[in-house]
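In this note's numbering, the protein residues as written are 1 to 174.
A short worksheet on the structure shown next.
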């Protein structure tokens, strides 16, 4: 092979690897912060069990895993329906390559956040107004955040009170 043929072959491989990397990276960004992460971990456990059953020639377990995979394709479509819908919307919006590589991490829950929640809860409880507040931990809440009204505001007791007071514009907007 000539030098130019080798360069063309390697360039083709580099482009191929780069495109696959971009697709995988964007898939990770789409499922990050959703329940899909826990579901993917469960699927990985099932795949590992299937590989071990194949390795150790456990025929019955291998057959069960094969049947689970056959049904699993349809189950994945049903289970991941919100994430698949979000991914297709993301593709349709043309924002596939607009996310940055290094996004700033959320600061997490702070003492001030806790104090604001306690103060708002106390105020609302005295007035017998119910408030269901979800605090994100290991399972992401992005699929719910996307359906609500986005506020570019720092969390405060007053903001929480305004959200949960009946007949205000953001009531039940969570």
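Idealized CB from N, CA, C, for every residue including glycine.
Can you round the beta-carbon distance between residue 111 and residue 160 to whole angstroms, since I take them to be within the 8 Å contact cut?
The Cβ separation is near 16 Å, so there is no contact.
Could you round the C-beta distance between residue 80 and residue 36 to whole angstroms and report it? I think they count as a contact, below 8 Å.
6 Å
Going by the beta-carbon positions, is the gap between residue 62 and residue 54 smaller than 7 Å?
Against a cut-off of 7 Å, the Cβ pair of residue 54 and residue 62 comes out as a contact.
Measuring CA to CA, which of 34, 114 and 56 is closest to residue 84?
34
Let's test the definition: count the other Cβ atoms within 10 Å of the Cβ of residue 78 and tell me whether it reaches 16, buried, or not, exposed.
exposed
Label residue 163 either buried or exposed according to how many other C-beta atoms from any shown protein chain fall within 10 Å of its C-beta, with 16 as the threshold for buried.
Counting Cβ neighbours within 10 Å, residue 163 comes out buried, since at least 16 surround it.
For residue 101, count neighbouring C-beta atoms within 10 Å of its own C-beta (all shown protein chains included) and say buried if the count is 16 or more, exposed if not.
Any reading at residue 101 must be qualified, since the residue scores a pLDDT of 41, below 50, and its modelled position is unreliable; the value itself is stated next. Counting Cβ neighbours within 10 Å, residue 101 comes out exposed, since fewer than 16 surround it.
At what residues does the alpha helix (DSSP H) containing residue 149 begin and finish?
That residue, residue 149, is in no alpha helix (DSSP H); it is neither H nor E in DSSP.
How is the alpha helix (DSSP H) around residue 56 delimited, first residue to last?
Segment: none, residue 56 is in no alpha helix (DSSP H) and carries neither H nor E.
Which class does residue 163 belong to by DSSP, given the choice of helix, strand or coil?
In the three-state reduction of the DSSP assignment, residue 163 falls in the helix class, which pools H, G and I.
Can you check the region 6 to 82 for any alpha helix (DSSP H) of at least 4 residues that lies completely inside it and give the ranges in chain order?
Listed in chain order, they are 36 to 55 and 59 to 79.
In this structure, does DSSP put residue 116 in helix, strand or coil?
helix
Would you please state the rounded distance, in angstroms, between the beta carbons of residue 120 and residue 157? I believe it to be under 8 Å.
4 Å
Between the C-alpha atoms of residue 122 and residue 40, what's the straight-line distance to the nearest angstrom?
Approximately 39 Å, taken between the alpha carbons.
Mind checking if residue 121 is an interface residue toward chain C, Cβ cutoff 7 Å exclusive?
Of the protein chains in the structure, only one exists, and it is not chain C.
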